[in-house]
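Heads up: take any position in the sequence shown, counting from 1, add 2, and you land on my numbering.
Beta carbons: idealized from backbone N, C-alpha and C, even for Gly.
Since the structure is predicted, the reported quantities are computational estimates derived from the model, not experimental observations.
Have a look at the structure below, then the notes.
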Amino acid sequence: MKITYHITREDFIDAQKLHRAKGGSAFVRGLILFVKVFVVAVPVGVIVLAALTKDRNVWSNFAPLVGLSILWALIFSLWTPFNWRRTYAKDRRLQDEFTAEISEEGVFMESPTFNANLKWGLFLRFLESDRVFLLYQSSRIFNLLPKSAFAPAEVKEFRQLLRHKLPDK
């Protein structure tokens, strides 16, 4: 099967979200989860402590910590998507036309700046979202194939090939 496609900004962002949610190392995902819980737990903990002690000084004592945790949460939740959009806009190679020829042997990919014959043995695993397939070469390096490049029947055929050739995670 042969597909020709452009990676849209939405495809790129979806791939980053999918990778971040399921693709990174367990340590990184655990660290991100810990920080998210901490950012929520600090303000809640201060509110509970203030309610239990009925001491107004609790607020003034912990206000910098609460403020910093809220500021960090805002920066983290706004900066990351902004950075993904900026990365996509700055790297014009991502916006080139790509061609991929998919077979039982592997994936031959081509664009104006590269061509590569990638055998199935190179890929460790794949991830799938509503918009994209990610084919992982390592825990951090993946090839993105947008589902919009496939006909509906080809999506099913490609998914079956991936399940046959790579472990699904």
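Give me the Cβ distance between residue i and residue j, rounded to the nearest whole Å; I'm assuming they're in contact under 8 Å.
i, j, result
"Val48", "Phe36", "The pair is not a contact, with the Cβ atoms about 19 Å apart (cut-off 8 Å)."
"Phe128", "Leu73", "No, Phe128 and Leu73 are not in contact; Cβ-Cβ is about 37 Å, not under 8 Å."
"Ile15", "Trp86", "5 Å"
"Val44", "Val68", "6 Å"
"Glu107", "Met3", "The pair is not a contact, with the Cβ atoms about 13 Å apart (cut-off 8 Å)."
Would you mind sorting residue i into buried or exposed? The rule is 16 or more other CB atoms within 10 Å of its CB.
i, result
"Phe160", "buried"
"Leu20", "buried"
"Leu137", "buried"
"Lys171", "Low per-residue confidence applies at Lys171: pLDDT is 48, beneath 50, and the placement is therefore not dependable enough to give any value."
"Val109", "buried"
"Arg134", "It is worth fixing the name first, because residue 134 is Val in this sequence and not Arg. Val134 should be labelled buried."
"Phe152", "buried"
"Ala102", "buried"
"Pro148", "buried"
At a threshold of 7 Å, does residue i count as lining the ligand ZN (C-beta to nearest heavy atom)?
i, result
"Gln162", "In terms of ligand content, the structure shown is empty, and the ligand ZN therefore cannot be addressed."
With distances taken between CB atoms, is the gap from residue i to residue j smaller than 8 Å?
i, j, result
"Ala23", "Leu146", "no"
"Phe100", "Ser113", "yes"
"Val41", "Ser71", "yes"
"Lys158", "Trp122", "no"
"Thr115", "Arg142", "no"
(message) Extract the residue ranges of the beta strand (DSSP E) inside the segment 68-99, only unbroken runs of 3 or more that lie entirely within it.
(response) Those beta strand (DSSP E) runs which fall completely within the segment 68-99 and span 3+ residues do not exist here.
(request) Indicate whether the contact test is met: 3 or more Cβ pairs, each with one atom in the segment 86-97 and one in the segment 8-17, closer than 8 Å. (result) Result yes; three or more Cβ-Cβ pairs closer than 8 Å.
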